[in-house]
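In this note's numbering, the protein residues as written are 5 to 116.
Laid out in structure tokens, this is it:
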């Protein structure tokens with residue numbers, strides 16, 4: 005058995021310049037843990053595979069394609085492959101998001 009504490013996992017460098025930890029990485033799926041501090045955002049990007057987001061803490065604003073809405077803790081959001089998407093933290097509190105990519109991408113994510 006392998007266990008990982010998301011809050012203690014090592015952060016990885018990323019083009020968004022936010023705290024991201026890789027929690028799981030196999031050929032079948034990839035799981036990332038993102039922490040957005042107040043005022044932080046992800047850059048709009050396109051992922052080559054389907055993604056779903058699960059908000060662990062806080063309230064973030066998610067944009068997928070032409071849609072934009074707030075998403076609070078305990079909310080799951082689907083994001084189809086090859087659709088531009090991003091997240092924003094417009095609050096004074098931390099937003100933590102679990103990101104699951106299925107299957108693990110073999111192509112790189114494209115920033116817009």
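Ideal Cβ positions, reconstructed from N, Cα and C, are used throughout, including at glycine.
Quick caveat: nothing in here was measured; it's all calculated off a predicted structure.
Taking 8 angstroms as the cut-off, the Cβ atoms of residue 30 and residue 108 count as close.
A direct Cα-to-Cα measurement between residue 26 and residue 106 gives close to 14 angstroms.
Assignment of beta strand (DSSP E) within the segment 38 to 113, counting only whole runs of 3 or more residues, yields 54 to 61, 63 to 68, 71 to 76, 80 to 83, 89 to 92 and 99 to 106 in chain order. Between the C-alpha atoms of residue 9 and residue 34 there is a straight-line separation of about 16 angstroms. Taking residue 15 as the centre and dropping the five residues before and after it, the same chain places the C-beta of 23, 24 and 25 closer than 8 angstroms to its C-beta, in chain order.
Each residue's CA atom was taken as its position, placing residue 41 and residue 110 some 29 angstroms apart. Here residue 115 is exposed: its Cβ has fewer than 16 other Cβ atoms, across all protein chains shown, within 10 Å. The beta carbon of residue 51 is closer than 6 angstroms to those of 113 in its chain, skipping five residues each way along the sequence.
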